[in-house]
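Structure first, commentary second.
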Amino acid sequence: MILPVIMAGGTGSRLWPLSRELYPKQFLTVTGELSMLQQTVTRLSGIEHTPPVLICNEEHRFIAAEQMRLGGFKHGGIILEPVGRNTAPAIALAALQAVNNAANDEDPILLVLAADHVIENIKAFEESVEKALSFAADGKLVTFGIVPSAPETGYGYIKSGRKEGNAFAVSEFVEKPDLKTAKTYLASGDYYWNSGMFLFKASRYLEELAKFAPDMLDVCKRAIAAPSQDLEFVRVDKSIFETCPDDSIDYVVMEQTDGAMVVPMDAGWSDVGSFSALWDVSVKDKNDNVIKGDAITVDSKNNYLYAEDKLIATVGVNNFVVIQTKDAILVADKDKVQDVKAIVNHLKESGRTEHKLHREVYRPWGKYDSIDFGKRDQVKRITVKPGEKLSIQKHHHRSEHWIIVSGTASVLNGDKTILLTENESTYIPVGVIHALENPGKIPLEMIEVQTGSYLGEDDIVRFEDRYGRL
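Here the sequence shown is numbered in full-length UniProt numbering, starting from 1 and rising by one per residue.
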């Protein structure tokens, strides 16, 4: 049986300001009605498989879980990486967990997918997986090579060797080429784009890892030897996993094994690595503009326009990217969007926060939007989902005034618990233990006014938390 393993890590720099460190692109809804993670799970519907296992960063755990819940998807657990150590160790954790959980000595076949890819032709995707299945069952390590449509310089390539049925032996993996080299690859017909998707038995991957990277495998075994279960999350030992080498599956295993096979896939694939790539896979108007949100265009062509909550108007603008979010605006030449990373690096070096999180921040209990702030005050719009509760906490440097807009709030304020409804309010002094809960059936909407000498999110002392954040 196939066990999908969905890699949902990443730090969100290439699609800034839509993506951020704490909300990377796999969680964005930029093509269709579902997020990229949800689309990845949905395209498995035509393949016989067990519930997928997700691998994501510790900081993204609640977003991943919430998107699975909203999509109505079952999953086999969410493995949390305490630190990023690239794809080879991440897949090793999934393989070890799969072998440990397998019933009756079953050897699961892992279908390793990235959560941030777009695949337009689902049928072709399913057919490629079907073609690869017999090779994986025979102990081969299969990768999927994308049939190239252009001399792309942004992807690595796989050179095919001898043909074996519906697949080819891998001759070599090659790095991202220059344009001249990419043109020769395209003309030869022997090269495929490296998709980063794989199919192999869990045991075979671990065998090859033991052969080529025994130290890495040893660290992963010890890190997941006694995993702790926290809600739906699988936690590994951080102190051990931090010592793991940082390497990709291509470098550690696929480039060295003699069992690597490549199955061609022609399925409208893109890793959506830039706004120009996103423009390529999006629906366009008669002037080849992609418009998301509220935008008016006059004499403008070939643009990607994204408006989160304001009107974008363009006159005589061609081949541009304009992205408006609540806290940032990006204007870029569509041919130079690879340089967006330079903006992200500048934000980091300047000590700013726009690279890390949006103005609207998601939490396991709901979300908050920082709608206004000054030197000693901040105003937030807080939304708490039905049945959810914020941690029991206190602050050393700020007081808070809560005003209920809609719904019902159960408020712990010192030694009293009170119920508040629309147009009612309460005051939380500095240092007083407090908590907020939504006991109702509809979302709780609330305005919070903070005042004090320090308003950072790290001024929280938690005493009790149902989401494991103590």
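Note that beta-carbon positions come from the ideal geometry of N, C-alpha and C, so glycine has one too. As the structure is a computational prediction, the values presented were derived from the model and not from experiment.
Collapsing the DSSP output to three states places ARG376 in coil.
For the pair GLY366 and LYS385, the Cα-to-Cα distance works out to about 5 angstroms. Straight across, the Cα-Cα distance linking ALA124 with SER239 is about 43 angstroms.
With contacts defined by Cβ atoms closer than 8 angstroms, VAL30 and LEU278 form a contacting pair.
Taking a contact to require three or more Cβ pairs closer than 8 angstroms, the segment 181–191 and the segment 214–227 do not qualify as touching.
ASN413: member of the beta strand (DSSP E) spanning 409–413, first to last residue.
With a contact defined as Cβ atoms closer than 8 angstroms, LEU3 and HIS49 qualify at about 7 angstroms. Beyond the five residues adjoining it in sequence on each side, ASP459 comes within less than 7 angstroms, by CB distance, of HIS395, HIS396, HIS397 and ARG398 in the same chain, given in chain order.
Comparing alpha carbon positions, the residue from ASN302, GLU21, LEU311 and ALA132 closest to THR353 is GLU21. In this structure, DSSP gives MET261 an extended state, which the three-state scheme calls strand. Residue environment: PRO17 is assigned as buried (16 or more neighbouring CB atoms within 10 Å of its CB, all protein chains considered). Under the three-state reduction of DSSP output, ALA307 falls in the strand class. Residue range 202–212 is occupied by the alpha helix (DSSP H) that includes TYR205. When secondary structure is reduced to three states using DSSP, PRO439 falls in the coil class, being assigned neither helix nor strand. Taking the Cα of ARG466 as reference, the smallest distance to any Cα among GLY452, GLY387 and ASP299 is reached at GLY387. Boundaries of the beta strand (DSSP E) around LEU141: 141–146. Unbroken alpha helix (DSSP H) runs of no fewer than 4 residues, entirely contained in the segment 21–105, are found at 36–42, 61–70 and 87–101, following chain order.
Contact between the segment 245–252 and the segment 77–89 is established, with three or more Cβ pairs separated by less than 8 angstroms. A residue is called buried once 16 or more other Cβ atoms fall within 10 Å of its Cβ, and PRO429, having fewer, is exposed. In the DSSP assignment, ALA226 is bridged to no other residue.
The secondary-structure analysis by DSSP pairs VAL461 across a beta bridge with LYS394. Annotated as distal: VAL263 and SER270, with beta-carbon spacing of 8 angstroms or more. For ALA313, the pairing in a beta bridge is given by DSSP as ILE296.
The secondary-structure analysis by DSSP pairs PRO4 across a beta bridge with LEU111.
Counting only the Cα atoms, GLU448 lies some 14 angstroms from ARG376. Cβ atoms of ALA167 and VAL142 come within 8 angstroms of each other, at about 7 angstroms. Relative to the Cα of LEU444, the nearest Cα in the group THR408, PHE463 and PRO177 belongs to THR408.
When the five nearest sequence neighbours on each side are left out, the beta carbons in the same chain lying within less than 7 angstroms of the beta carbon of GLY154 are those of LYS176 and GLY273, in order along the chain.
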